[in-house]
Structures are given as C-alpha cells and as structure tokens.
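If you're matching them up, the sequences are chains R and U in order. Using this note's numbering, the first residue of the first sequence is number 1124, and each one after it goes up by one. Using this note's numbering, the first residue of the second sequence is number 146, and each one after it goes up by one. Below is one structure; the comments refer to it alone.
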Amino acid sequence: DTGVSQDPRHKITKRGQNVTFRCDPISEHNRLYWYRQTLGQGPEFLTYFQNEAQLEKSRLLSDRFSAERPKGSFSTLEIQRTEQGDSAMYLCASSLAVDSTEAFFGQGTRLTVV
Amino acid sequence: AQTVTQSQPEMSVQEAETVTLSCTYDTSESDYYLFWYKQPPSRQMILVIRQEAYKQQNATENRFSVNFQKAAKSFSLKISDSQLGDAAMYFCAYRTQGGSEKLVFGKGTKLTVNP
C-alpha cells in the first residue's frame, strides 16, 4: 500500500465546466475526508464518509459540490459549473474509525478555474 | 465552534538551532486531540506529533516536542537541532474526540531553515 492517492494532481478548467476528482484511501481505512486548501490558508473540512455513508457535510459544500464513496472504497468529488472561487487544492485524507488514530493525507488535486 | 490560531505566518532558523512555533486554540470541549502537521512544498501533509488533551505529559518525537498548556489553550511546537529538511509549512490542528473527528487547522507557519 502506497498511501492515499489522488488523481489528477493538477486540473485546469474553464469556468462553468464540471470537474471530478478521485481519491483512493489506504485500503483498510474506513473513514475518508475531503478538505479544501486555498492559498495562505490551512485546510478546511468539506465532508467525510464512514464506509459508504456520507455522515457530515460542511456549509462550505455548496449544492454545486457532490461527493460519493460507492462500496466504501475510493471516493469522488465533483464540482459542477465551476467558478473562479473554486480554485484551490483539494485534499483527501483517510483514517481508521478508532480514537486517536492518525489521518493520512494524499498529495492533493490542485484545481485552477480560468 | 473550535478555532485554531497560528500567529506567526513565517519563521526562520539556522541549521542546528532550535525554533518554537506557536499555536493557540479555542474550544469548550474537555476531551480532544491536538496535532502538528508538516506540509513540504508539493508534497503531502504528514503528522509530526500528536497530543491527547487528557495527558499532562508533553509529547515528544525525536527532535520534535510540544509545550501543551491546557488552561491557556496553548500548544507550541519546538524543533531542536533544525535540519534543512525541516523547511515546510507547519499546521497546528485540533480534533474532537468522537463524532466525525474532522481536523480544524490553523493558517500555518512557513518555516525556513538557513544553512
């Protein structure tokens, strides 16, 4: 296992287009998180899954954003009708659902909306 | 809502010297965890050190140690014998115990290590 994997690493898209990112967590991890990191800021929580269930969504996650985790394995984050304000690094992290365990992060997908 | 504040946007240290990064947080919870994460340029975030709030003893990991002051809600990171590879963004993060266990991050401190 090579850790949390995210694809693509970089995405440039035109405003108004839809984009989809993928995250493959560490195989035995049942928790998966999406965070967004803008320039000069720390990561901000977007949503999290325990197995296939999406259990919490931040108010940052507008209705243009949707996330899925079918079968409790990989996850996708889709942004519809992208806006320039969506430009950010999107980070995925995974962990075990046991207290005090470490969250492991992927390298992120950097989205640029032009 | 919990908040995490890192008041030092940038810090620098000479190689082999010691540097301390500051972090304060606000919470009404009594049980929680605090973390320092390191984010090198273009690489993924990795955990540096973790502190459980119920533990009075400060956590240490090799050259990294924390000064956890629960009453003051302060959680600083000390890096001893700084190395060039320590150069990175450092994020302080808070996590509740139970529930989603999502992380709340500060804005980060950019650490430069001078040879």
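Ideal Cβ placement from N, Cα and C applies to all residues, glycine included.
Proximity of chain R to Ser-219 of chain U at the Cβ level (cut-off 7 Å) is not reached, the minimal Cβ distance being about 18 Å. Contacts with chain R at 9 Å (Cβ-Cβ) include Val-249 of chain U. When rounded, the separation of the alpha-carbon atoms in Tyr-1171 of chain R and Val-211 of chain U is 29 Å. Of all residues in the segment 152-186 of chain U, the ones placed with a Cβ closer than 7 Å to any Cβ belonging to chain R are Tyr-178, in chain order. Excluding five sequence positions before and after Gln-153 of chain U, the CB atoms of its chain that fall closer than 7 Å to its own CB belong to Leu-166, Ser-167, Thr-254, given in chain order.
When the alpha-carbon of His-1152 of chain R is set against those of R:Lys-1194, R:Asn-1174, R:Arg-1187, R:Gly-1208, the nearest one is in R:Asn-1174. For the segment 1195-1228 of chain R, the set of residues with a beta-carbon nearer than 9 Å to any beta-carbon of chain U comprises Leu-1214, Ala-1216, Ser-1218, Ala-1220, Asp-1222, Ser-1223, Thr-1224, Glu-1225, Ala-1226, Phe-1227, Phe-1228, in chain order.
By the criterion of a C-beta distance shorter than 7 Å, Gln-1140 of chain R is surrounded in its chain by Thr-1205, once the five residues flanking it on both sides are discounted. Straight-line measurement puts the Cα of Lys-218 of chain U at about 30 Å from the Cα of Leu-229 of chain U. Excluding the 5 residues flanking it on each side, Lys-1137 of chain R has same chain C-beta neighbours closer than 7 Å at Val-1237, in chain order. For the segment 1140-1171 of chain R, residues whose beta-carbon sits nearer than 8 Å to a beta-carbon of chain U comprise Arg-1154, Tyr-1156, Tyr-1158, Gly-1163, Gln-1164, Gly-1165, Pro-1166, Glu-1167, Phe-1168, Tyr-1171.
The DSSP-derived three-state label of Leu-229 of chain U is helix.
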